[in-house]
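J.: One structure is given below, represented as structure tokens, and several questions about it will come after.
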Amino acid sequence: MASTDFAVDITEGRVLRRTPIALTEVRAARQALLEWFRDHARPLPWRRHPRPYAVWISEIMLQQTQVGTVIPYFNRFLRAFPNVRALARARRERVLELWSGLGYYRRSRDLHCAAQIIVRQFGGRFPRSYEAARSLPGVGDYTARSVLSIAYNLPFAVLDGNVARVVSRWRLLRGHVQETRFRQSVELVLEQCLSRRRPGAFNQALMELGQTVCLPRAPRCPVCPLRVGCGAYASGRPESYPEPRPRRRTEVRHLAVAAIRSDSKFALVRGLDESLLPDLWNFPSAFGASRETARRALLDKLSALLSPPPTLPAPRAEIRHSITHRSIRAQIYPVEMAAARRVHGLRWVPAWRLGEVARTGSAAVSALARKVAAAL
DNA sequence: GTCCAGCTTT
DNA sequence: AAAGCTGGAC
Numbered sequence: 000m001a002s003t004d005f006a007v008d009i010t011e012g013r014v015l016r017r018t019p020i021a022l023t024e025v026r027a028a029r030q031a032l033l034e035w036f037r038d039h040a041r042p043l044p045w046r047r048h049p050r051p052y053a054v055w056i057s058e059i060m061l062q063q064t065q066v067g068t069v070i071p072y073f074n075r076f077l078r079a080f081p082n083v084r085a086l087a088r089a090r091r092e093r094v095l096e097l098w099s100g101l102g103y104y105r106r107s108r109d110l111h112c113a114a115q116i117i118v119r120q121f122g123g124r125f126p127r128s129y130e131a132a133r134s135l136p137g138v139g140d141y142t143a144r145s146v147l148s149i150a151y152n153l154p155f156a157v158l159d160g161n162v163a164r165v166v167s168r169w170r171l172l173r174g175h176v177q178e179t180r181f182r183q184s185v186e187l188v189l190e191q192c193l194s195r196r197r198p199g200a201f202n203q204a205l206m207e208l209g210q211t212v213c214l215p216r217a218p219r220c221p222v223c224p225l226r227v228g229c230g231a232y233a234s235g236r237p238e239s240y241p242e243p244r245p246r247r248r249t250e251v252r253h254l255a256v257a258a259i260r261s262d263s264k265f266a267l268v269r270g271l272d273e274s275l276l277p278d279l280w281n282f283p284s285a286f287g288a289s290r291e292t293a294r295r296a297l298l299d300k301l302s303a304l305l306s307p308p309p310t311l312p313a314p315r316a317e318i319r320h321s322i323t324h325r326s327i328r329a330q331i332y333p334v335e336m337a338a339a340r341r342v343h344g345l346r347w348v349p350a351w352r353l354g355e356v357a358r359t360g361s362a363a364v365s366a367l368a369r370k371v372a373a374a375l
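For the record, in the first sequence the residue sitting at position 192 is 191 according to numbering that gives the first Met the number 0, with numbers rising by one throughout.
In structure tokens form, the structure reads like this:
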């Protein structure tokens, strides 16, 4: 801990000064947090043998994705690619198959590419320096800090949404996660509190506390190790911190989906529509502002693919799905074809690969495609 | 139905 | 500043 009596941080030419947190308070909180983590850390698969490779894979998968969702993906992924060299020499399509259903598919491409860079430029070991780690595709500020602190126990503080929530409540910081000022305030607190001896455990403890105790809407203050000294708890309204971030409104879009079946195979194309899910196999689909415009756009698309184009019957089912700010209403038009002809850009995929079995990574299909298959 | 996870790239 | 995926909580 610095011996100055206030914390100073120079960011973009501005000097921020904040009242320091009393050293005794910092130490008490740090110790309470680390002891809580020692007793309550969940036995997550990437914590069993925390090699840098496993830590890195888990951090990429955990971006925007919940722990419970990640666990089976992580286990399958490490079975398929036990180390960075195995990942580096894998086919891209195979990596995508094992990512199928996890979302944000760009992550898998960047991960694969980064593995090849690690093998070629870093001797097959995840780099130990911030700059080198940051140079890898898919590794931004947060991921570089988390991997280096957890895998190598280097003194980097991490700031994710969980950490921001815990700290804003503990120190009663106003603002929301997207504001630079707010983030700087949180960072100042973290710099004062980070355990220099056990930064990895400290960071994981804060994030775990945010995930399991300091919950957004219903914090479990009675079991929180930071309750003593928590400003939001004292205020009586812990759920009011931090402020909700402004959100872009979601727009409803209609999607027409052709479920073209021949024998027990479905015709799939690469990509969805409007440049969404470009790497994934999907049922031929088209967006529109209404059901009817979507249907017509789908017919246009099918005309370019098949001649003569099939006629579309009445839709058999509607499913709902969300992609970023779009709320998608998908009408499914079942089409039977006599023979599974070879068509350029079309791939016939056995129905069983789209079911629950697909979770084992047998096809690079989106979750949307799986919902469609399940509705048939 | 709304909110939350909540990071990286362009 | 905006876009990208999916699932779960409430």
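We treat Cβ as the ideally placed atom computed from N, Cα and C, and that holds for glycine.
Who does Q330 pair with in a DSSP beta bridge?
T.: Answer by DSSP bridge pairing, in chain order: A255, E317.
J.: Quick check: R84 and V138, are their CB atoms within less than 7 angstroms of each other?
T.: Not closer than 7 angstroms, so no.
J.: Looking at C-beta atoms only, is the number of pairs between the stretch 202-210 and the stretch 254-271 that lie closer than 8 angstroms three or more?
T.: No: the two stretches stay apart, fewer than three of their Cβ pairs being nearer than 8 angstroms.
J.: Only counting runs of 4 or more residues, tell me where the alpha helix (DSSP H) segments fall wholly within the stretch 121-145, in order along the chain.
T.: Qualifying alpha helix (DSSP H) stretches, in chain order: 129-133.
J.: Put V227 into one of helix, strand or coil per three-state DSSP.
T.: Reduced to three states, the DSSP call for V227 is coil.
J.: With three or more C-beta pairs closer than 8 angstroms as the rule, is the stretch 362-370 touching the stretch 92-106?
T.: As far as the Cβ criterion goes, the stretch 92-106 touches the stretch 362-370, which means the pair count is three or higher.
J.: With a floor of 4 residues, list each alpha helix (DSSP H) that falls wholly inside the stretch 188-246, ordered by position along the chain.
T.: As far as the stretch 188-246 is concerned, its whole alpha helix (DSSP H) runs of at least 4 residues are 198-211, 230-234.
J.: Hey, Q386 and N152: beta-carbon distance below 7 angstroms or not?
T.: Only positions 0 to 375 of the chain appear in this structure, which leaves residue 386 out of reach.
J.: Assuming contact is defined by CB atoms lying nearer than 7 angstroms, are S167 and Y232 in contact in what I supplied?
T.: Their beta carbons are not under 7 angstroms apart, which means S167 does not touch Y232 by this criterion.
J.: Is V268 helix, strand or coil when you go by DSSP?
T.: Note: V268 maps to strand in three-state DSSP.
J.: Would you check if the stretch 337-357 and the stretch 306-321 touch, i.e. whether three or more CB-CB distances between them fall below 8 angstroms?
T.: Not touching, per the Cβ criterion.
J.: Evaluate R13 with the Cβ neighbour count: other Cβ atoms within 10 Å of its Cβ, from every protein chain shown; 16 or more gives buried, anything less gives exposed.
T.: With a pLDDT of only 40 at R13, under 50, the local geometry of the prediction cannot be trusted, and no value is derived from it.
J.: Excluding the 5 residues preceding and the 5 following R50 in the sequence, name in chain order all residues of the same chain whose CB lies nearer than 8 angstroms to its CB.
T.: The residues are A150.
J.: Tell me, please, whether the stretch 41-58 touches the stretch 122-130 by the rule of three or more beta-carbon pairs shorter than 8 angstroms.
T.: Result yes; three or more Cβ-Cβ pairs closer than 8 angstroms.
J.: Measuring CB atoms only, is the stretch 172-191 touching the stretch 241-260, in the sense that at least three cross pairs come out at less than 8 angstroms?
T.: Yes, the stretch 172-191 touches the stretch 241-260.
J.: If contacts are defined as beta-carbon pairs under 8 angstroms, then A339 and K264 qualify, I think. What distance do you get, rounded to the angstrom?
T.: Confirmed, Cβ separation roughly 6 angstroms.
J.: From what residue to what residue does the beta strand (DSSP E) around V348 run?
T.: Per DSSP, V348 belongs to the beta strand (DSSP E) from 345-349.
J.: If you drop the 5 nearest sequence neighbours on each side, which residues of the same chain put their C-beta closer than 8 angstroms to that of I20?
T.: Correct list, in chain order: R170, V188, Q191, C192.
J.: In whole angstroms, what separates the C-alpha of M60 from that of A89?
T.: If you take the alpha carbons of M60 and A89, they lie about 18 angstroms apart.
J.: Can you tell me whether R303 is buried or exposed, with buried defined as 16 or more other CB within 10 angstroms of its CB?
T.: Residue identity differs from the one stated: residue 303 is Ala in this sequence, not Arg. Flag for A303 reads exposed.
J.: Are the CB atoms of A132 and A114 within a distance shorter than 7 angstroms?
T.: In this structure, A132 does not lie closer than 7 angstroms to A114 by Cβ.
J.: Run through the DSSP bridge pairs and tell me what A285 is partnered with.
T.: Looking at the DSSP assignment, A285 forms a beta bridge with A255.
J.: Return the CA-CA distance between R328 and A156, expressed in angstroms with no decimal places.
T.: If I take the Cα positions, the gap works out to 42 angstroms.
J.: Grab the span of the alpha helix (DSSP H) containing S302 for me, first residue to last.
T.: 290-304 is the extent of the alpha helix (DSSP H) around S302.
J.: Okay, do the stretch 282-291 and the stretch 246-255 touch, 3+ Cβ pairs below 8 angstroms being the bar?
T.: Enough Cβ pairs lie closer than 8 angstroms, so yes.
J.: What does DSSP give as the partner residue(s) for S261 in the beta ladder?
T.: The partner list for S261 (beta bridge, DSSP) reads K264.
J.: Based on the DSSP output, what are the partners of E335 in its beta bridges?
T.: DSSP output for E335 lists R260 as bridge partner(s).
J.: My output table needs one value for L375: the three-state DSSP class, helix, strand or coil.
T.: Correct three-state label for L375: coil.
J.: Taking P312 as the reference, give the member of A296, I331, L301, H320 with the closest Cα.
T.: Of the candidates A296, I331, L301, H320, the one whose C-alpha sits nearest the C-alpha of P312 is I331.
J.: Counting only runs of 4+ residues fully inside the stretch 72-110, write out the alpha helix (DSSP H) ranges in chain order.
T.: Fully enclosed alpha helix (DSSP H) runs of 4 or longer: 83-88, 91-98.
J.: What is the C-beta distance between L95 and D278, in whole angstroms, given that I count them as a contact (C-beta under 8 angstroms)?
T.: Contact holds; Cβ gap of about 6 angstroms.
J.: Could you please give me the residues that DSSP links to V185 through a beta bridge?
T.: Partner(s): none; V185 has no beta bridge.
J.: For the alpha helix (DSSP H) that contains L33, what are its first and last residues?
T.: Start and end: 22-39.
J.: Could you tell me if N202 is buried or exposed, where buried requires 16 or more neighbouring beta carbons within 10 angstroms of its beta carbon?
T.: Buried: at least 16 other Cβ atoms inside 10 Å.
J.: Straight-line CA distance for E34 to E24?
T.: About 15 angstroms.
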